[in-house]
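Student:
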Amino acid sequence: MGESAGLLRLTVKQEGAQDELEGIEYECDSLDHQGWASLIQTCIEEKLSSLTFLISKRILQEASVYFRCLLSGDFRESAERNVCVTWYPSVFCYLLQFICTRKLDGGCDLESFLNAIMFFGVEVGTVTVMEKMNEIGLVELAPNLWTTANGFGDHLVAEACIKTFVINFEDAMRRIESENLPADFVAACLQHEQLTVSSERSLCDALLNWFRTMQKDQVYIVDGVLNKTVHNILRKVKVLLLPVEFVLGILVPSLPAKVFSVKETDLIEFNQLFHFEETSQMSVQQIQDSYSNDLAIRLSGHLRILDLAGCQQVTVAVLFHSLLQYLKQNSNNDVTLYEKLEAEIYSIFVHGSVTHSPMNQEFFTMTSLKNVCEINFQGCWRLDQNRLVHWLHVACPNLKVLNISQCPQLNVDILPQILKGCKYVEVLNASLNILRTQVELSSDRISMHIFNQDSCKYEGYLCSLTNLSFEGRNHLKDSDLYLLTRYCLNLSTINFGGCSQLTDKGLSIFLSSIRNLTKLQVPYTAFGRLSVNAVLGFSCEQHSDELWSDKIQSDFYTRECALATLDLEGCLNIDRDSISQLIKEAPLLENLNLGFLSLDDSTLLCFSGTSLNNLNLQETQVTEYGIAHILKWNQHLNSLNIRGCKKITSALAFKISDTIRKQDALNIGMAETSTLKCLAAGWGFTDSTFMALKPSLRHLQSFSLGLGSRISECVLSNLHEILPQLEDLSLVFQAISGSCMLDLLKHGQALKRLELCHCFVELSHEIIHVMPTALTSLRLERGIEWMTDADIELLVSKHQTLTSLYLTGCKNLTPRSLETISKSWQAMTYLTLKECGTMTLNGGGCLFVCKALKHLTLQHSGAGLDKDFVKCALVELPVLQNLCLDICDSKNGGFNDIKAQERRSLQNLKFTRCTTLRNSFNGFARRHYKDSIVIEWHGNVTNSRVVKEGL
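Throughout the sequence shown, residue numbering follows the working numbering, covering 281 to 1231 in sequence.
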């Protein structure tokens, strides 16, 4: 058969293999897919060192440059019918299969196959490799294939590798070991116009992880100087588009500022990045002229998620500028077309509408980022509402998830505006920080205020919306709910937490229109009996309010309650019977928050669910019997909070032990199935209770002990053994010896958050030496009167990663400590100083270098703050959300007012006031907290109210 016309006897031998006697000859024309697969499997399993094939000489010459030259030139093989080549037999089988069938088996090692087609010159194989590279499952092969392709000079395959990698950049960087990514490959990826990342932060994070690995390779760093390629890679990071918190917390400790560039020059110091006042008022043209690529967000046609969370510097002009940069890349060097698009963008930015021209349809086709389905603008307070809406309409018509939380400048009427052009939005998060304190709720009379009647034109546009959060929007009125009731027909997840202007009647009529409610979060609202009836679909009384005259106001149909999440914390308008009725009809609940409500065991005993993951019963009247009932039927609790439940007794341990014993008898033991990660306890929680729960605490990460709990020092000293995964520890009103506390902290080096509040413990300077070095959050209240400026300096030197600090009662601290804190912890996001000596006696201006501060509280720590401190703080601290000051700390007796237009990122402003209590017998006087003045804004209107709270 080997002598047949046109057939070539082709033998492939592995390098170093000995000549073997003639064996089986495989005729390629007779092998089907199954035949090739069987042959390859045999070759691999039996480790064959040689194979012989009968193959058409013509097919071989047409497919392979190597064989075309070998069999048609002056080579000896051109006159013979027997040819021998040296290659791996299994890989050569894949190559011959591809040459004969033009199909590549899915089990083929792509890198080996690429080496083969390059060596033998099978040009059509490169197309197959390029097609394979489009499969995300092969993205981890891209770096090695790119190296191989470059070695053979095949730029098409090399380009395909780069393209595959950059389109899936974030996922690829997570899946591939950093040491397998050559610097030249990473540099080529960053140059590619289709580089797809959700944010500049994610890109920088990936590059930093890669760089830390590369630091071990001395090829890239010589005498402390970065290799030019690596330096150029890091300079590609657009530091102007990084969140303040990331720059101060990650970049500053990692690399010097000069590694990066701004406006094509080295960055001198990172503080240069935080002066964005000039950009706030810039137009698109001015952004282009002044910053060019430095403020251009990376947009690509493959982008699905755009995450700008924390990027307070981003304005709508930056968004339009970024869109123009994207259009410039995709206009195929058509200058005329780009100029038309540019003019249209400028017109939209200035006038807020698209001009009437024949190119409108082409314009929207080119500007649309069709794959973008999720955008996160959290904390982007510089965004103008009207212009943002226009940008979303132009750029993101297929948007599904929009997060505009922590953006106080955006009002609730943005909802119908957005959904007019983005008709597929399913999730909208417009929440603000909620002030978790009891406030005066609106009366039962439905609140009437003028709303935009033009909103009726949006009817039908809100049908896709299923998830809505207006948490913290305390200016939300019943009339706003009226609009939602008319147009949001498919809501299933609702969060109105802290919306104190809503009435029970208004909530009830709104909730009655929701047919598929699964998540309801209404903490600190007027949610009451009427709202409960509406959720359950019971009949409701007639409402005569004009606003709701077009609603069906009676005979709600009874429906099955499918609630999975219910948050009623602080809803004082709801009675015990209504709570019981609601949770009785909601057996599918997974997350239940009933904190600070008037309920007892009778309420818990009404609950028949078995799927609870998170349960909060803080400050309620439940006892150990109700707790045992919940634990008996819900073995998969992740979080349990029973702090402040004064009726729980020490019998809790017995009830828990009895419950676990009964479960064990039914083979449903909580110890075996428990996933409890967070536990907060107080009254009735003793050593016995702890040991009864011990088997189910092996995964506990957060542990909080409050007033009324009695845990022995023996248990606390061995906490690291009992709770090996513990990261968060809070001890409040606990009696502990100093030696026990030292032992606890010495062995708890994995702790990231630590709270010691009002503990009866003789702490000493030594506690600072033993505190876990990984701490990111530290709260110390009372018992630390001995702390001095030197102790603060020691604390700073040992805990570089701290971002949250809460100190109360450090009477010996001076302004020197405040300067130490501000210079050393510039990435601080939360800072509270109460009754801390004279820390603010020289003013608080030194804190303005802590650009990442979001929450700042200064009370009774030195009367040195200027009257303009609030205004200065708002200008210097670009992401400040909550500010609390004490009138006593003003050196002028008060603070200047700020206008609504000046509040910037600020959401809550609070001034605490105190009174002096005197003892008539010994003349002793002390300051006592009286109340707080809370400043709120709604649009350009400023309101203030007085709140009495325990501080």
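We treat Cβ as the ideally placed atom computed from N, Cα and C, and that holds for glycine.
For C308, is the classification buried or exposed, using 16 other Cβ atoms within 10 angstroms of its Cβ as the cut-off for buried?
Tutor: C308 comes out buried.
Student: If you count every other CB in all the chains shown that lies within 10 Å of the CB of Q781, and 16 or more means buried, which is it?
Tutor: When all chains shown are included, Q781 counts as buried.
Student: Give me the residue from D880, H511, G962 with the minimum Cα distance to Q901.
Tutor: The shortest C-alpha separation from Q901 is found at D880.
Student: For N1071, which residues from the same chain have a beta carbon less than 8 Å from its beta carbon, with the 5 sequence-adjacent residues on both sides left out?
Tutor: Per the sequence presented here, residue 1071 reads as Asp, with Asn not at that position. Result list for D1071: H1045, I1048, in chain order.
Student: In the DSSP assignment, the beta strand (DSSP E) including K293 goes from what residue to what residue?
Tutor: Here the beta strand (DSSP E) through K293 covers 287-293.
Student: Can you tell me where the alpha helix (DSSP H) holding L874 begins and where it ends?
Tutor: L874 -> no alpha helix (DSSP H), and no H or E assigned at all.
Student: Residues in the same chain with beta-carbon distance under 8 Å from K1237, minus the five sequence neighbours each way, listed in chain order, please.
Tutor: Past the edges of the chain, shown from 281 to 1231, lies residue 1237, and the structure says nothing about it.
Student: Is the number of C-beta pairs between the region 543-554 and the region 596-614 that are closer than 8 Å three or more?
Tutor: Contact fails: fewer than three Cβ-Cβ distances are below 8 Å.
Student: Cutting at 8 Å between CB atoms, please list the residues of its own chain near G632, excluding the five before and the five after it.
Tutor: Cβ neighbours of G632 beyond the five flanking positions: N666, R667, H670.
Student: Mind checking who L846 pairs with in its DSSP beta bridge?
Tutor: BP columns for L846 point to L800, L872.
Student: When the Cα atoms are used, what is the spatial distance from L932 to A589?
Tutor: Going by the C-alpha atoms only, they are around 44 Å apart.
Student: Is L1082 buried or exposed, if buried means 16 or more other CB atoms sit within 10 Å of its CB?
Tutor: Buried, by the Cβ-count rule.
Student: Ignoring anything shorter than 4 residues, give me the alpha helix (DSSP H) runs that lie fully in the region 617-680, in order along the chain.
Tutor: Counting only runs of 4 or more, we get 640-647, 665-675.
Student: Here's the rule: buried if 16 or more other CB atoms are within 10 angstroms of the residue's CB, otherwise exposed. What is A623?
Tutor: Flag for A623 reads exposed.
Student: Let's see if you can read the secondary structure: which residues bound the alpha helix (DSSP H) around R856?
Tutor: From DSSP, the alpha helix (DSSP H) with R856 extends over 856-864.
Student: Tell me, please, which residues DSSP counts as bridged to E305.
Tutor: DSSP lists T332 as partners of E305.
Student: Is G519 helix, strand or coil when you go by DSSP?
Tutor: Here the sequence assigns Val to residue 519, which means Gly is not the residue at that position. Note: V519 maps to helix in three-state DSSP.
Student: Determine whether the beta carbon atoms of P803 and D760 lie at a separation below 8 Å.
Tutor: Contact flag unset, no.
Student: Between which residues of its own chain and A463 is the CB-CB distance below 8 Å, once the five residues before and five after are set aside?
Tutor: These residues qualify, in order along the chain: M494, Y500, N507, T509, V510, I513.
Student: Counting only the same chain and skipping the five closest in sequence on each side, list residues whose C-beta sits under 6 Å from that of G986.
Tutor: So the qualifying residues of the chain are R923, G962, V1012.
Student: Could you check which residue in N894, Q915, L1157 has the C-alpha nearest to that of Q593?
Tutor: Ranking N894, Q915, L1157 by Cα distance to Q593 puts L1157 first.
Student: For W1217, list the residues DSSP reports as bridge partners.
Tutor: W1217 is bridged to T1222.
Student: Is the distance from the Cβ of S478 to the Cβ of D587 below 8 Å?
Tutor: Yes, Cβ-Cβ distance for S478 and D587 is below 8 Å.
Student: Buried or exposed for H435, going by 16 or more other Cβ atoms inside 10 Å?
Tutor: Exposed, because fewer than 16 other Cβ atoms sit within 10 Å of the Cβ of H435.
Student: Looking at L1154 and T1137, is the spacing between their C-beta atoms short of 8 Å?
Tutor: No, these two residues do not count as a Cβ contact at 8 Å.
Student: When you compare the CB positions of T765 and E706, do they come within less than 8 Å of one another, or not?
Tutor: Result no, Cβ atoms of T765 and E706 do not sit closer than 8 Å.
Student: Alpha carbon to alpha carbon, how far is L1186 from V1129? Give it in angstroms, no decimals.
Tutor: Rounded to whole angstroms, V1129 to L1186 spans 18 Å at the Cα level.
Student: Can you tell which of S541, E1115, F355, E391 has its C-alpha closest to the C-alpha of R552?
Tutor: As written in the sequence, residue 552 is Gln, which differs from the Arg given in the question. Looking at the Cα atoms, S541 is the closest of the given residues.
Student: Helix, strand or coil: which one does DSSP assign to R923?
Tutor: Reduced to three states, the DSSP call for R923 is coil.
Student: What did DSSP end up calling Q915 once you bin it into helix, strand or coil?
Tutor: Correct three-state label for Q915: coil.
Student: Span of the alpha helix (DSSP H) holding C323?
Tutor: Its alpha helix (DSSP H) spans residues 313-325.
Student: So D1169 packs on A1143, CB below 8 Å; how close in whole Å?
Tutor: D1169 to A1143, Cβ: 6 Å. Contact.
Student: Keeping to the same chain, check which residues put their C-beta closer than 7 Å to that of L695; ignore five residues upstream and five downstream.
Tutor: Excluding residues within five positions, the ones whose Cβ falls inside 7 Å are L708.
Student: Under DSSP, the alpha helix (DSSP H) around S685 begins and ends at which residues?
Tutor: From DSSP, S685 is part of no alpha helix (DSSP H); its letter is neither H nor E.
Student: Between which two residues does the alpha helix (DSSP H) harbouring K1103 extend?
Tutor: Element bounds for K1103: 1095-1104.
Student: Smallest Cα separation from C851: which of N896, A814, T805?
Tutor: Per the Cα distances, T805.
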